[in-house]
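Numbering (my numbering), first residue to last: 1227 to 1620. Yeah, the Cβ is synthetic: ideal placement off N, Cα and C, and Gly gets one too. Predicted model, so just to flag it, every value in this text is computed and none were measured.
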RNA sequence: CGGGAGGUAGCGCAGCUGGCUAGCGCGCAACGUUCGGGACGUUGAGGCCGGGGGUUCAAAUCCCCCCCUCCCGACCA
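Structure below.
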């Protein structure tokens, strides 16, 4: 991607009314734009990051044996009345009446919907277990949205639901998700503290929260040394049991021909919250330092003299070769001052930066900088491609 | 929902004890000079001063009501 043809509206100054570092950097690096409190657009660069995160989630959740689907965002209230959560979640539900006068809401979560769906198709123990998930927008009318996308009124969530014939099956699925979650957060460059937690309005007995220590955390967990941290909840998994399946009549016939309620688990990850959490953990005073797995681009090529044919020819060649190798490359081809291009590069935090300038070219060299470590190396032209490939794949 | 802070150009801000045509920096457009860490000069475009009502010869500025945003707390699947 060429910067001059792309859409990266960076901001030099810290926007008013922002406190959280991640909120400031999300806005300054042109990743998101606020429409109203707690409601955000994801700009091209931010959307790329979200898609990278979603790809990681899909890989790991699929590997845990779950199948992706997509459920509706608008729900009949009738379904929510059956579990009583029309009352317990009343405060956050965005409700409306459709043209026919039916009471509806925008889904704050999907236990009722998935249970109703599974009930329609599953009648026998032979059809179980099954785990389904989606990555979808949730709607919650938060009393107090906070810290940009950390606590938003509209946000992207990965929600998975497992259905089993017994507790042993649930435990197995639960453990598989637990492992998948560890892999996902690890690949996102996060090291969450995993804590047993209250099940709250979700119901069920056992649950674990995945908490990433960060200054703006809304939760507190306690780590293995007994030290309390401020932390952001990025994931939460629940062994729900039969709360929803009994309320909604999701039953199956067991081997003996007896009707039994399906045993359920649910597993959530705040996808859009992750982007902020990653920034909270990976940044410095100059900007974001994306972990390579979620970076919008892996390499930024920064030609300094765009009017110089030799510089641009080399930049273009490197761009083409890296792209051919499947690397996501951003080339800052703007005819702008070196200072601005360097500062923007630091701000948007692409992991590896290749600077091509007259100074280096006279010695037949280009400069490769690792954004995370700050290490700069000067490499000969002919070895540049190999070196970048090595660094990216490491 | 309780408490606090704020709303003036795309962004960051000044002006606010009423008083010239509403300013500054950044950004944006044009031209010229620059060209390895947010360059410089000249010219220019861009404002219902959050909205409504009131006081006054005169309101960004004073009074009343409303809206919006942020922070702390309560709440939080």
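Here's the rule I'm using: 16 or more other beta-carbon atoms within 10 Å means buried, otherwise exposed. How should residue i be labelled?
i            : result
residue 1311 : buried
residue 1434 : buried
residue 1259 : exposed
residue 1426 : exposed
residue 1515 : buried
residue 1277 : exposed
residue 1233 : exposed
Going by beta carbon distance, what residues of the same chain come within less than 8 Å of residue i, once the five residues before and after it are set aside?
i            : result
residue 1308 : 1338, 1473, 1474
residue 1518 : 1524, 1577, 1618
Alpha carbon to alpha carbon, what distance is there between residue j and residue i?
i            : j            : result
residue 1316 : residue 1596 : 49 Å
residue 1614 : residue 1286 : 27 Å
residue 1553 : residue 1388 : 36 Å
residue 1419 : residue 1438 : 6 Å
residue 1545 : residue 1556 : 8 Å
residue 1374 : residue 1462 : 21 Å
residue 1306 : residue 1421 : 29 Å
residue 1256 : residue 1543 : 27 Å
residue 1333 : residue 1364 : 6 Å
residue 1625 : residue 1423 : This structure cannot speak to residue 1625, because the chain is shown only from 1227 to 1620.
residue 1574 : residue 1589 : 29 Å
residue 1284 : residue 1585 : 45 Å
residue 1507 : residue 1328 : 45 Å
residue 1204 : residue 1503 : Absent from the model: residue 1204. The displayed extent of the chain is 1227 to 1620, so no value can be given.
residue 1384 : residue 1495 : 5 Å
residue 1610 : residue 1616 : 10 Å
residue 1409 : residue 1227 : 29 Å
From this set, the options, which residue's C-alpha is nearest residue i's C-alpha?
i            : options                : result
residue 1249 : 1282, 1271, 1365, 1372 : 1372
residue 1386 : 1365, 1302, 1292       : 1292
residue 1231 : 1558, 1526, 1563, 1355 : 1558
residue 1593 : 1579, 1599, 1536       : 1579
residue 1442 : 1465, 1376, 1468       : 1376
residue 1358 : 1347, 1368, 1366       : 1347
residue 1396 : 1302, 1268, 1331, 1431 : 1431
residue 1460 : 1408, 1469, 1436       : 1436
residue 1229 : 1607, 1570, 1352       : 1570
residue 1244 : 1484, 1551, 1253       : 1253
residue 1314 : 1428, 1236, 1600       : 1428
residue 1263 : 1379, 1511, 1289       : 1379
Short of 6 Å in beta carbon distance, which residues of its chain neighbour residue i, apart from the five on each side in sequence? Order them along the chain.
i            : result
residue 1522 : 1271, 1274, 1275
residue 1476 : 1341, 1344, 1345, 1488
residue 1318 : 1334, 1366, 1367
residue 1400 : 1465, 1491
Would you say the beta carbon of residue i comes nearer than 8 Å to a heavy atom of the ligand ADP?
i            : result
residue 1264 : The ligand ADP is not part of the structure shown, which contains no ligands of any sort.
What residues in its chain sit with their C-beta under 7 Å from that of residue i, if we drop five residues either side in the sequence?
i            : result
residue 1567 : 1528, 1558, 1560
residue 1360 : 1294, 1295, 1296, 1297, 1385
Which whole runs of the beta strand (DSSP E) in the region 1362–1392 are 3 residues long or more, in chain order?
List check, beta strand (DSSP E) in window: 1380–1390.
Curious, which full-length beta strand (DSSP E) runs of at least 3 residues does the region 1585–1613 contain?
1591–1596, 1602–1606
Quick check for students: name the residue ranges of the alpha helix (DSSP H) that lie wholly in the region 1474–1552, counting only runs of 4 or more.
As for any alpha helix (DSSP H) of minimum length 4 sitting wholly inside the region 1474–1552, the runs are 1497–1507, 1535–1550, ordered along the chain.
Within the region 1383–1464, note down every full beta strand (DSSP E) run reaching 3 residues or more, in order along the chain.
1419–1422, 1432–1439, 1445–1448
Contiguous alpha helix (DSSP H) assignments of at least 4 residues, all confined to the region 1232–1295:
1247–1254, 1270–1289
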